[in-house]
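Residues are numbered in the working numbering as their position in the sequence shown, beginning at 1, plus a constant of 24. We treat Cβ as the ideally placed atom computed from N, Cα and C, and that holds for glycine. Note sheet for the following structure.
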Amino acid sequence: MTFYHLLALVPISLLVFTRADDLPSPPVAKKIPHVTEINGHKLTDNYFWMREKSNPEVRAYLEAENAYNDAVMKPTVEVPYKEGDFFYYIRTEAGKQYPIRCRKKISADANEEVLLDVNELAKGQAFMTVQAFAVSTDGNLLAYSYDNTGFRQFNLAVKDLRTGQTLVDHAERVGSVVWANDNRTIFYTQEDATSKRQYRLYRHTVGSSDPDRLVYEEPDEKFTVRAFKTRSEAYIIMELRSHTTSEARYIPAKDPAADWKTIEPRKQGVEYYADHNADSFYIRANDAGRNFRLVTAPVTDPGSKNWHEVMGHNAAIMLDEMDMFRSFLVLYERENGLPQIRVVDLRNGHSRRLAFPEPAYDVRPYTNRVYDTTEFRYAYESPITPASVFSYDMETGASQLLKQKEVPGGYDRNKYEVEQIYTTASDGTKIPVSVLHLKGAKLDGTGPLYLYGYGSYGLSLDMWFSSNIFSLVDRGVTYAVAHIRGGGEMGKAWHDAGKMMNKKNTFTDFTAVAEDLTKRGYGSKDKLVIEGGSAGGLLMGAVLNLRPDLFHAAVVKVPFVDVMNTMLDESLPLTVGEFEEWGNPKEKPAFDYMITYSPYDNVEAKAYPNMLVKTSFNDSQVMYWEPAKYVAKMRATRTDHNTLIFKTNLSPAGHGGASGRYDRLHEAAFDYAYILTQMGIKN
């Protein structure tokens, strides 16, 4: 069932709210003052009690909010990749929630081998997702990790692909999973049970009853640990990184018991990331500028004293990532807010950029596991081009389309237009904005407008294809994404300008974009619906406090809105590591700045737009009590009579919602029914 078919189950004529007179009263949460004294301030939190997850009153409150939500919303009820001797691929079957991971031998008459049917794994479970998926070098063993709670705590399992039997090997709270070349040693990282920080690296021997050997434990709570094997299969690299600093250590992949060596000791504020080719490490480093340069170093002595610059720092171009092949190097760059790919021929130093046909798009590497090859695969999509996989010949520079995702329901890309425009922020900064609307639409400032934003962690919101969004656009909605500061669309400096003591730029950028779009005629303020999730939920909470008059409605998902209480509690997952993103409120200058924008602390007695707030009871990234407390305080404080509904997924679900693909469609249909209702669209 597609999203179109699912939404078609909702009678469009009924996409209106029940009259307020017919609705039950919204829940009212009790107040129990809890006072925190910090930096000469007293923070009174009347809803601190909602953190007691096992307290039946907490669940009762969330269920009451769900009941109110139900009452309000009642009318709206791949391409195979080569690795070793096999082609690997993922397929789905009609009516099944989860993917099936398979492979075939590289021969014309090979039979399919099902490696992992996640539907079987999910039997009896309300939630299931697979993260790590690593096959041993000889192709005989599969190591994978799975989560059946939504709390993003993954268990390690090992399956013998020759017999189909799951072995006794097991580990908990697993992150990275890497095979050594002996086909019996697995390195895996493990997270701390409380902070959820990946902080240990273990070495495990398949089939052994001996305790797994602790290889490394990272003592600095700002740092996480991950491990990977280079595409050359020559080295295993352990990467230690915080938001601002990194360090890499390595061993030969053929010698899992070897002593780990350090490429370059960590230095505060310097990030570097390494890969291997021939006798050198290729290293992307920001020691000479925020947007990174490219250097090489001999594997025999790779310290910074031996770094040789291959590509210098460029303030206008961010060097985002790289992929190493025997004779070629693929660089992922960002310029003017758009992702780019450059291919370098290591034999002669010549390079070329790939050309892309649209003004706003998303491009990224596809699965490339073969080291000695001239073929590079990349994925491309745009708001009007479905997800596509291309094969690029690094010798000739020719791209060939291998597969494009089918869009059922008579999709016609010629009906739509994509634009990339720029809004001028209050300080003169140009903010990229991507826009999608019907071709030839009358942009006279009277139509509905849907604006999405994020703007944190240096993450880029590139413009992917979503068939869901056309259920809005086909009804005349203009869809826009604001690439605001705090993201990574314009390089490291873009991130720096929207974090820590610059965080409020993120919020004023978003309001500037909203105002600009309405002034240009892309939509009406009275039909403007905004959305953001997680750190984008912080964005929503901040702009709703800042300019509630500017928006008609907001969809606020798994929102990080209780900034002060969360960042003052170092026992919570992620807190310490994120001091370098938000600041440490135990330090007075940071406290004085953060308290001015923390959404929960700045809810005031004034009119707010209509709001849909969503969370998951088992979210591990933003605890359910943040949005629960936010809604309770908003209900007790705001002065308007606009609609505020709060929906908690009380079944096992995570930060991203449900795990099954049909369940996710139901969630999207619910959101879009709400959005259409708020825009006054009935057909």
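Rounded separation between residue i and residue j - CA only
| i | j | result |
| --- | --- | --- |
| residue 384 | residue 412 | 15 Å |
| residue 324 | residue 226 | 25 Å |
| residue 394 | residue 521 | 39 Å |
| residue 514 | residue 529 | 14 Å |
| residue 186 | residue 165 | 8 Å |
| residue 641 | residue 601 | 23 Å |
| residue 297 | residue 499 | 46 Å |
| residue 77 | residue 85 | 11 Å |
| residue 399 | residue 363 | 20 Å |
| residue 35 | residue 706 | Bear in mind that a pLDDT of 30 at residue 35, under 50, signals an unreliable position, so the model cannot answer this. |
| residue 101 | residue 390 | Low per-residue confidence applies at residue 101: pLDDT is 43, beneath 50, and the placement is therefore not dependable, though the value from the model is reported in the following sentence. C-alpha separation (whole angstroms): 37 Å. |
| residue 662 | residue 669 | 14 Å |
| residue 511 | residue 338 | 19 Å |
| residue 397 | residue 595 | 47 Å |
| residue 431 | residue 407 | 13 Å |
| residue 405 | residue 517 | 26 Å |
| residue 610 | residue 69 | 17 Å |
| residue 182 | residue 191 | 6 Å |
| residue 652 | residue 376 | 51 Å |
| residue 188 | residue 118 | 24 Å |
| residue 468 | residue 504 | 16 Å |
| residue 544 | residue 465 | 13 Å |
| residue 671 | residue 89 | 7 Å |
| residue 330 | residue 115 | 47 Å |
| residue 480 | residue 531 | 11 Å |
| residue 246 | residue 590 | 16 Å |
| residue 681 | residue 695 | Legend: pLDDT at residue 681 = 49, less than 50; position of this residue unreliable, no value from coordinates given. |
Selected residue, minimal CA-CA separation from residue i, among the options
| i | options | result |
| --- | --- | --- |
| residue 462 | 454, 456 and 471 | 471 |
| residue 475 | 406, 641 and 557 | 557 |
| residue 621 | 562, 112 and 581 | 562 |
| residue 358 | 315, 124 and 245 | 315 |
| residue 223 | 96, 230 and 212 | 212 |
| residue 428 | 402, 241 and 451 | 402 |
| residue 445 | 305, 493 and 541 | 541 |
| residue 525 | 262, 243 and 614 | 614 |
| residue 477 | 580, 299, 58 and 252 | 580 |
| residue 553 | 702, 241 and 610 | 702 |
| residue 228 | 281, 650, 177 and 266 | 281 |
| residue 328 | 242, 288, 322 and 352 | 288 |
| residue 673 | 60, 206 and 151 | 151 |
| residue 370 | 335, 108 and 585 | 335 |
| residue 592 | 637, 407, 585 and 608 | 608 |
| residue 255 | 634, 268, 299 and 273 | 299 |
| residue 277 | 258, 269 and 293 | 258 |
| residue 654 | 665, 291, 284 and 74 | 74 |
| residue 699 | 487, 658, 645 and 578 | 578 |
| residue 352 | 208, 372 and 149 | 372 |
| residue 361 | 63, 354, 387 and 502 | 387 |
| residue 491 | 409, 284 and 244 | 409 |
Below-8 Å beta-carbon distance, residue i vs any chain C residue
| i | result |
| --- | --- |
| residue 619 | In the structure shown, chain C cannot be found, because there is only a single protein chain. |
Span of the alpha helix (DSSP H), counted from its first residue to its last, around residue i
| i | result |
| --- | --- |
| residue 459 | Note, residue 459: premise wrong, no alpha helix (DSSP H); beta strand (DSSP E) at 454-462. |
| residue 659 | 649-661 |
| residue 608 | From DSSP, residue 608 is part of no alpha helix (DSSP H); its letter is neither H nor E. |
| residue 635 | Run containing residue 635: none in the alpha helix (DSSP H); it sits in the beta strand (DSSP E), 634-640. |
| residue 347 | Element bounds for residue 347: not the alpha helix (DSSP H) but the beta strand (DSSP E), 342-348. |
| residue 564 | 559-570 |
| residue 519 | 516-520 |
For residue j and residue i, believed in contact at Cβ under 8 Å, the rounded distance
| i | j | result |
| --- | --- | --- |
| residue 551 | residue 496 | The Cβ separation is near 12 Å, so there is no contact. |
| residue 295 | residue 310 | 5 Å |
| residue 536 | residue 450 | 6 Å |
| residue 456 | residue 507 | 4 Å |
| residue 201 | residue 146 | Incorrect: roughly 20 Å between the Cβ atoms, too far for contact. |
| residue 103 | residue 378 | With 8 Å as the limit, residue 103 and residue 378 do not qualify as a contact, their Cβ atoms being about 18 Å apart. |
Residue i, enclosing beta strand (DSSP E) - first and last residue
| i | result |
| --- | --- |
| residue 581 | 577-581 |
| residue 427 | 423-428 |
| residue 673 | 668-673 |
| residue 506 | 502-506 |
| residue 128 | 124-129 |
| residue 319 | 317-322 |
Check whether the stretch 571-588 touches the stretch 231-242, taking contact to mean three or more Cβ pairs, one atom from each stretch, closer than 8 Å. no
Three or more C-beta pairs below 8 Å linking the stretch 430-442 and the stretch 114-133: no
Between the stretch 303-318 and the stretch 339-358, do at least 3 Cβ pairs fall closer than 8 Å? yes
Between the stretch 255-264 and the stretch 620-640, do three or more beta carbon pairs fall short of 8 Å? Verdict: no, contact absent.
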